[in-house]
Amino acid sequence: MTRPMSVAAAGRFAALASATSFAGVSMFAGFVYSAGATPASVIAARLLFGLFATFAVVAYLRRPWMVPAREWRPTVVIACAWLTVNVCYMASFYYIPVSLAVLIFFTFPVQVALIGPLLARRRPEPVTLGAALIAFAGLALALGPDLGELDWRGCALALAAAVALMTTFLMSRRRVVDQDMFTFSFNLHLLCGVAVVAYVGWTGGIALPGAPVAMAALFGVGVFYILAVCLQFFAIRSAGAPQSSIMFNAEPVFTVLGAALVLGENLGMGQVAGAVLVIIGVLLSTRAQS
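Numbered as in the numbering used here, the sequence shown ends at 309 without a single skipped number.
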């Protein structure tokens with residue numbers, strides 16, 4: 020049964036807004052890193068912020084605190100996948116250039132477009148899969164990854180993060196359709212928060228920036244992060260995993276454009292052409308809904 024176009028369109032818009040918010044996370048994180056914070060600190064801060072924010076929303080809206088008992092096992096799997104995304108993606112930057120890590124990571128929309136229909140026992144939609152490939156080609160052109168410093172560990176970490184995010188997209192669809200989205204998000208971050216607290220206790224703490232401006236930027240990371248996550252789940256529920264995942268190809272493009280507008284970084288013709296290809300891929304993906 021085809022979903023109403025208005026609902027699907029709202030989902031696609033939410034996916035683009037989520038991609039924009041995740042790009043904001045990257046922009047603020049850059050300020051925080053320059054002030055001396057570690058990636059582990061940023062990961063811990065945004066996951067704990069997500070826990071407190073979803074706790075407040077669930078309390079204010081008086082939503083159920085816990086997912087149904089039958090949903091605990093898949094929720095734990097999704098939480099593990101979400102932690103894998105956060106940890107492996109950030110760790111891959113240590114071994115390979117960031118542009119290459121981002122390119123490998125953003126194979127996840129192609130994975131979703133290909134594997135999602137197969138799990139549902141139907142053929143992949145040619146338009147959706149083609150749109151994902153076009154958008155990926157645009158990213159390759161825009162990012163211009165440096166292939167001269169390949170390290171299998173970094174490639175494996177980035178690919179593991181991509182597979183984990185693909186798992187999150189595909190498994191979250193039923194969770195956010197059959198139950199309250201905020202309850203699911205709270206339980207997801209509750210499990211992630213337990214893992215973060217255990218990590219902090221094991222390593223002896225996290226390094227936070229001392230400058231007030233950097234702390235404000237860290238707060239911005241948390242705000243944009245939880246906004247991005249809520250919009251992501253809404254997009255998956257409204258437009259479906261394949262359609263939503265293609266929209267997320269816009270995230271690195273928004274990051275590059277933001278760096279050019281806010282930080283004054285140079286924007287080359289290759290990046291502009293790549294951004295155009297990503298936009299074409301995103302627009303083509305909407306044809307699969309008609």
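By construction, the Cβ of each residue, glycine as well, lies at the ideal position given by its N, Cα and C atoms.
If you draw a straight line from the alpha carbon of ALA33 to that of MET185, how long is it in whole angstroms?
18 angstroms
With a CB to CB cut of under 6 angstroms and the five nearest residues on each side skipped, what residues in its chain are close to ALA183?
ALA100, THR103, VAL104
Rounded to whole angstroms, what's the CA-CA distance from ALA78 to GLY43? Just pull it up for me.
27 angstroms
Compare the Cα-Cα distances from THR187 to each of ALA98, TYR114, CYS174 and report the closest residue.
ALA98
Using DSSP with H/G/I as helix, E/B as strand and the rest coil, what is PRO261?
helix
Sub-8 angstroms separation of ALA156 and LEU296 beta-carbons:
yes
Just to confirm, is the Cβ distance from ILE245 to PHE68 under 8 angstroms?
yes
What do you get for MET46, buried or exposed, if any count of 16 or more other CB atoms within 10 angstroms of its CB means buried?
buried
Should ARG193 be labelled buried (16 or more other beta-carbon atoms within 10 Å of its own) or exposed?
exposed
Limits of the alpha helix (DSSP H) - the one that THR73 falls within
58 to 80
What number of angstroms, rounded off, separates the C-alpha of SER257 from the C-alpha of GLY30?
5 angstroms
Identity of the residue in PRO261, ALA254, PRO271 nearest SER25 by Cα
ALA254
Taking only three categories from DSSP, how would you classify THR21?
At THR21 the pLDDT is 49, less than 50, meaning the model places this residue with poor confidence; the figure from the coordinates comes in the next sentence. In the structure shown, THR21 sits in coil (DSSP, three-state: anything other than H, G, I, E or B).
Rounded separation between VAL51 and ARG172 - CA only:
26 angstroms
Near VAL131, what residues of its chain come up, given a Cβ to Cβ distance below 7 angstroms and the 5 sequence neighbours on each side ignored?
MET185, PHE188, LEU189, ALA260, PRO261, SER264
Could you pull the start and end residues of the alpha helix (DSSP H) that ASN105 belongs to?
91 to 111
Give the C-beta separation of THR202 and PRO83 to the nearest angstrom, bearing in mind that I take them to be a contact with Cβ-Cβ under 8 angstroms.
5 angstroms
ARG81, buried or exposed, once every other Cβ within 10 Å from all chains shown has been counted against 16:
exposed
Close Cβ partners of VAL196 (< 8 angstroms) along its chain, the five nearest in sequence each way excluded:
ARG256
For a quick check, are the C-beta atoms of VAL61 and VAL240 less than 8 angstroms apart?
yes
Please classify ARG141 as buried or exposed, where buried requires at least 16 other C-beta atoms within 10 Å of its C-beta.
exposed
One question on the structure: do CYS249 and LEU66 come within less than 8 angstroms of each other, judged by their Cβ atoms?
no
Take ARG89 as the anchor and find which of GLN198, LEU122, GLY49 has the nearest alpha-carbon.
GLN198
Should MET20 go down as buried or exposed, given a rule of 16 or more other Cβ atoms within 10 Å for buried?
Confidence is the limiting factor: at MET20 the pLDDT is only 43, short of 50, which leaves the residue's position unreliable, though a coordinate-based value still follows. Under this definition MET20 is an exposed residue.
Give the DSSP-derived three-state secondary structure of PRO128 in the structure shown.
helix
TYR114, DSSP secondary structure in three states:
coil
Measure the CB-CB distance between PHE112 and ASN268 and report whether it falls below 8 angstroms.
no
For ALA179 versus CYS107, is the C-beta distance shorter than 8 angstroms?
yes
Check the C-beta distance from ASN324 over to MET109 and give it rounded, since I have them as a contact under 8 angstroms.
Residue 324 lies beyond the stretch modelled for the chain, which goes from 20 to 309, so this question has no answer here.
Just to confirm before moving on: does the CB-CB distance between ALA56 and ALA292 stay below 8 angstroms?
no
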